[in-house]
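One structure below.
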Amino acid sequence: MLLDSIRTQLDSLSKSERKVALAVLDHPNLIVDQNITALARAAQVSEPTVVRFCRTLGYDGWHEFKLKLAQGLALALPGLNEQPAQDDLAADLVNKICSRSINTLLDLRNNLKPEAIQQALDILKRANKIEFYGQGTSGIVAADAQHKFFRSGVPTVAYADPSIHSIAAALLRTGDALVAISQRGNSPALVRSVKLARRGGADVIVLAPSGTPLAELATVLIPIDLIFNIDPYTPISARLAYLVVIDVLAVGLALQRGPEFRKKMQNAQKALQEFDLQFDSFIG
Numbered sequence: 001m002l003l004d005s006i007r008t009q010l011d012s013l014s015k016s017e018r019k020v021a022l023a024v025l026d027h028p029n030l031i032v033d034q035n036i037t038a039l040a041r042a043a044q045v046s047e048p049t050v051v052r053f054c055r056t057l058g059y060d061g062w063h064e065f066k067l068k069l070a071q072g073l074a075l076a077l078p079g080l081n082e083q084p085a086q087d088d089l090a091a092d093l094v095n096k097i098c099s100r101s102i103n104t105l106l107d108l109r110n111n112l113k114p115e116a117i118q119q120a121l122d123i124l125k126r127a128n129k130i131e132f133y134g135q136g137t138s139g140i141v142a143a144d145a146q147h148k149f150f151r152s153g154v155p156t157v158a159y160a161d162p163s164i165h166s167i168a169a170a171l172l173r174t175g176d177a178l179v180a181i182s183q184r185g186n187s188p189a190l191v192r193s194v195k196l197a198r199r200g201g202a203d204v205i206v207l208a209p210s211g212t213p214l215a216e217l218a219t220v221l222i223p224i225d226l227i228f229n230i231d232p233y234t235p236i237s238a239r240l241a242y243l244v245v246i247d248v249l250a251v252g253l254a255l256q257r258g259p260e261f262r263k264k265m266q267n268a269q270k271a272l273q274e275f276d277l278q279f280d281s282f283i284g
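Under the UniProt record's numbering, the first residue of the sequence shown carries the number 1, and numbering increases by one thereafter.
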């Protein structure tokens, strides 16, 4: 939710903006019922500082920020801050894990900016080839993306090995597209590959937290601001957010390429189903 985004950006805020952030984090429910003057007084800053804080987070001003905060608090389900415990029953685990995943996706829906998605789709639509880079857990997301996008009719590949995507990035040129995926946005190897891709003229779509080294290099940034280091299970829910963004881009690209392309995709799916039937008949 928005509070998680504020926590992830604390270190990048100015001293005065950080005061506003801490005031919001301390009493988020009270902030929703207050005006900008009350928040400025609580944070011991000026009202223009509060406005700058809101804009630093990507909002037009105080009113949009307050609306998003209220929406996030209203939509949050019980269980978001409950960590799985050793003595949890199966019912407890179902509630906690599902609630955490649902909250992650609700927050994603409320904070994804349609403008960034559209800009990314414009890049993907005109790309000569599309490459996906990620490492560790993000490498799994990159592989999933390659699986979804290879049916787009554009040459598509995914790399999770730093030495391999470094070489591949150096070969990218104008008209190529790179989608860099990172849950933390500070991998030196991934940052290096993105710099190589930009140097060659490729467009780079970044899925990562805002305010990170990787985000700063993006042609188009799709910020995914989630809080980490709560417990070992957080990345499970976090990965869902990245997978959903990949789905949005894959479906969006398919729709933008028109009915003829969708017909080709349907034919490919039909051929796969026929192959499955023949294979089942063979082994039966």
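We put the CB at the ideal spot given by N, CA and C, even for glycine.
Just so it is clear, the structure is predicted and the values come from calculations on it, not from any experiment.
In whole angstroms, what separates the C-alpha of Asp-11 from that of Leu-112? 22 Å
Looking at the structure shown, is Pro-209 part of a helix, part of a strand, or coil, going by DSSP? coil
Which one of Gln-183, Ala-218, Arg-257, Ser-187 has the shortest CA to CA distance from Pro-209? Checked all of Gln-183, Ala-218, Arg-257, Ser-187; the closest Cα to Pro-209 is Gln-183.
Could you spell out the range, first to last residue, of the alpha helix (DSSP H) harbouring Val-24? 15-26
By alpha-carbon positions, which one of Asp-107, Arg-239, Ile-205 ends up nearest to Asp-117? The question names Asp, but residue 117 is Ile in the sequence shown. The residue with the shortest Cα to Cα distance from Ile-117 is Ile-205.
Taking the alpha-carbon of Leu-172 as reference, which of Phe-149, Arg-192, Arg-199 has the nearest alpha-carbon? Taking the Cα of Leu-172 as reference, the smallest distance to any Cα among Phe-149, Arg-192, Arg-199 is reached at Arg-199.
Identify the residues that DSSP records as bridge partners of Glu-131: which are they? Val-157, Leu-178
Using a threshold of 7 Å, state whether the C-beta atoms of Lys-68 and Leu-2 are closer than that. yes
State whether the segment 43-56 contacts the segment 87-107, with contact taken as three or more CB pairs (one from each stretch) at a distance under 8 Å. no
Could you name the residues that DSSP lists as bridge partners for Ile-222? Leu-207
Which of the three DSSP states, helix, strand or coil, is assigned to Asn-103? helix
Would you check if the segment 97-109 and the segment 135-149 touch, i.e. whether three or more CB-CB distances between them fall below 8 Å? no
Could you tell me which of Leu-214, Phe-132, Ser-193 sits nearest to Ala-250, measuring between CA atoms? Measuring from the Cα of Ala-250, the nearest candidate turns out to be Phe-132.
For Leu-207 versus Tyr-242, is the C-beta spacing smaller than 7 Å? yes
Buried or exposed, going by whether 16 or more other CB atoms sit within 10 Å of the CB of Leu-124? buried
Have a look at Gly-72 and Ala-158 and give me their C-alpha separation to the nearest angstrom. Cα to Cα, Gly-72 sits roughly 34 Å from Ala-158.
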